[in-house]
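Report on the structure given below.
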Amino acid sequence: MSFPAHLSIPDFDEWGLRAFTTTRRAGSFGTNSLESAAEVLGRWASLADAVAEAGAAQFTSASQVHGNGVRLHDRAWTGWLRCSGVDGHAWMRPGMAAAVTIADCVPVFIAHPSGAGALLHSGWKGTAAGITEVAIGEFRRAGFGAGSLRMHLGPSICGSCYQVSPDVFSVVTGSTVIKPSLLDLRASIAGRAHALGVKDIAVSEWCTRCSNDQLFSHRAGDSGRQLGVLICPERIA
19 MSFPAHLSIP
29 DFDEWGLRAF
39 TTTRRAGSFG
49 TNSLESAAEV
59 LGRWASLADA
69 VAEAGAAQFT
79 SASQVHGNGV
89 RLHDRAWTGW
99 LRCSGVDGHA
109 WMRPGMAAAV
119 TIADCVPVFI
129 AHPSGAGALL
139 HSGWKGTAAG
149 ITEVAIGEFR
159 RAGFGAGSLR
169 MHLGPSICGS
179 CYQVSPDVFS
189 VVTGSTVIKP
199 SLLDLRASIA
209 GRAHALGVKD
219 IAVSEWCTRC
229 SNDQLFSHRA
239 GDSGRQLGVL
249 ICPERIA
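The structure is reproduced here in structure tokens:
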């Protein structure tokens, strides 16, 4: 199988799951980039083929809307499903894969050794609206306790690069500031997940702004978007 140029996330390897984020070298997967639709959709189609070859009969993605909607997927379809109006995907059995587009927002990877998984796009709006809490709630309803989950917070803008207005800082953290302040989105998401009982949480060392030569960054003026991808194949190792 041939995946696009990417940064591997080894956190789930022991469970037979695969997670990664694409890089600038792979090209943009955003539909609002300056490239032609044929080029962008061609990359998506190649990725969908590679996902199927990796053992996931279902592959899903969505246009990000910066909310807290999480789509719970079942076995009612096969192939590549493009959703609308959600920023997250969750499934409670193997054989599924998902992708989210990112460029400074946080790709949140959540998985269980059974092959259940979730992939979220969490910017400040989604974080404040509790998209991670919504996803963890789906696992709990399926009988997977928060303590049995593993989470990885992927490449995104870091807390030293992300300055926000006082109102944004307040709505995300619950703290009051009187001037623009630096916000560590990944630390906020990790804190929220930990409060719900998730203990196994890893944070990527990559910052999209600091490493703008390798990753797309909205704050750096890029129109391009990379992907976060989580694959939970039918054949769990």
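Read in order, the letters of the sequence shown correspond to residues 19 to 255 in my numbering. C-beta: ideal position from N, C-alpha, C; glycine also. Since this is a predicted model, take the numbers as computed values, not measurements.
First and last residue of the uninterrupted alpha helix (DSSP H) at residue i
i: residue 209; result: 203-213
i: residue 2; result: For the chain, the structure presents residues 19 to 255; residue 2 sits outside this window and is missing.
i: residue 144; result: 142-147
Outcome for residue i when other beta-carbon atoms lying within 10 angstroms are tallied against a minimum of 16
i: residue 86; result: buried
i: residue 245; result: buried
i: residue 65; result: buried
i: residue 255; result: Note that residue 255 has pLDDT 46, beneath the 50 cutoff, so the model's placement of it is unreliable and the number below is only indicative. Burial call: exposed.
i: residue 115; result: buried
i: residue 70; result: buried
i: residue 142; result: buried
i: residue 78; result: buried
i: residue 167; result: buried
i: residue 97; result: exposed
i: residue 194; result: exposed
8 Å Cβ cutoff, residue i in contact with chain C
i: residue 109; result: The structure shown contains no chain C; it holds only a single protein chain.
Identity of the residues DSSP links to residue i by a beta bridge
i: residue 39; result: 25 and 246
i: residue 139; result: 125
i: residue 225; result: 174
i: residue 181; result: 200
Element boundaries [beta strand (DSSP E), containing residue i]
i: residue 221; result: 218-221
i: residue 168; result: 168-171
Continuous beta strand (DSSP E) assignments of at least 3 residues falling wholly in the stretch 53-134: Runs of the beta strand (DSSP E) lying entirely within the stretch 53-134 and spanning at least 3 residues, in chain order: 76-80, 88-91, 97-101, 106-109, 114-120 and 124-129.
Segment contact, 8 Å Cβ cut-off, at least three pairs: the stretch 72-87 with the stretch 157-167: no
Contact between the stretch 237-252 and the stretch 193-200 (3+ Cβ pairs under 8 Å): no
The stretch 135-154 touching the stretch 47-67, judged by at least three CB pairs closer than 8 Å: no
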